[in-house]
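Visitor: The sequence shown lines up with residues 106 to 227 when you count with this note's numbering. Where is the CB? At the ideal position from N, CA and C, for every residue including glycine.
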Amino acid sequence: MARVVCDTSFLIHLATRRIHNIDSLEAEVGQVRFAVPLQVVSELRGLRRDPARSAGAGAALERAAPMERIKIPGDTADGALAAHAGSGVIIATMDRGLKRRVREAGGSVMSFHGDRIVLETH
Numbered sequence: 106m107a108r109v110v111c112d113t114s115f116l117i118h119l120a121t122r123r124i125h126n127i128d129s130l131e132a133e134v135g136q137v138r139f140a141v142p143l144q145v146v147s148e149l150r151g152l153r154r155d156p157a158r159s160a161g162a163g164a165a166l167e168r169a170a171p172m173e174r175i176k177i178p179g180d181t182a183d184g185a186l187a188a189h190a191g192s193g194v195i196i197a198t199m200d201r202g203l204k205r206r207v208r209e210a211g212g213s214v215m216s217f218h219g220d221r222i223v224l225e226t227h
């Protein structure tokens, strides 16, 4: 089973867009277990206080509620995820800079292409 560790941008996108292959994801990439770092939860709670981003952040927190919460060393969400990338997990992000850092660390990225979830391996 693959562990997919989600960042803020991925969760907001997942919660606010219609994703066409969400039900067939396991058939396409195998069994997955989504996890959310505590830094991402904290970031989403902060965004929820921003009037321009509160709806997306609130929806993302609801979507993340049943997901496993994990503690990863690091002060920021992106820094923690980049450092965690080489540990055999898949990092789920929309952030171009974080994608590059994950690939440089030898990790795999889950992202979106249009209305579909895609796995970008190195």
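L130 and V141 - do their beta-carbons sit closer together than 8 angstroms?
Guide: The residue labelled residue 141 in the question sits at position 36 within the sequence shown. The residue labelled residue 130 in the question sits at position 25 within the sequence shown. No, Cβ-Cβ distance for V141 and L130 is not below 8 angstroms.
Visitor: Tell me the DSSP secondary structure of H125 in three-state form.
Guide: Within the sequence shown, the letter at position 20 stands for residue 125. Reduced to three states, the DSSP call for H125 is coil.
Visitor: DSSP state of V194, grouped into three classes?
Guide: Indexing the sequence shown from 1 puts residue 194 at position 89. If DSSP states are grouped into helix, strand and coil, V194 belongs with coil.
Visitor: Would you report the Cα separation of V223 and M172, rounded to the nearest angstrom?
Guide: Walking along the sequence shown from the start, residue 223 turns up at place 118. Walking along the sequence shown from the start, residue 172 turns up at place 67. If you take the alpha carbons of V223 and M172, they lie about 19 angstroms apart.
Visitor: Using C-beta distances below 8 angstroms, list every residue in its chain close to H118, excluding the 5 sequence neighbours before and after it, in chain order.
Guide: Numbered from 1 along the sequence shown, position 13 holds the residue referred to as residue 118. Correct list, in chain order: M199 and F217.
Visitor: Kindly identify the DSSP beta-bridge partner or partners of R108.
Guide: For the purposes of this step, residue 108 is taken as the residue at position 3 of the sequence shown. Paired residue(s): R138.
Visitor: Whether or not the segment 201-213 and the segment 142-161 are in contact is what I'm after, with contact meaning three or more pairs of Cβ atoms, one per stretch, closer than 8 angstroms; do they touch?
Guide: Touching, no.
Visitor: Is DSSP giving I175 helix, strand or coil here?
Guide: The sequence position of residue 175 within the sequence shown is 70, counting from 1. In this structure, I175 counts as strand in the three-state DSSP scheme.
Visitor: Looking only at DSSP bridge pairs, what is M215 linked to?
Guide: To locate residue 215, count along the sequence shown from 1; it is residue 110. According to DSSP, M215 bridges with A197 and L224.
Visitor: Check D183 in the structure and name its three-state DSSP category.
Guide: On the sequence shown, position 78 is the one that residue 183 refers to. Reduced to three states, the DSSP call for D183 is helix.
Visitor: What is the DSSP secondary structure of R153, counted as helix, strand or coil?
Guide: What you label residue 153 is simply residue 48 of the sequence shown in a count that begins at 1. The answer is helix: DSSP assigns R153 an H, G or I state.
Visitor: Pull up the distance between the alpha-carbon of E167 and that of A210, whole angstroms please.
Guide: Translated into the one-based positions of the sequence shown, residue 167 becomes position 62. Translated into the one-based positions of the sequence shown, residue 210 becomes position 105. The straight-line gap from Cα to Cα measures roughly 30 angstroms.
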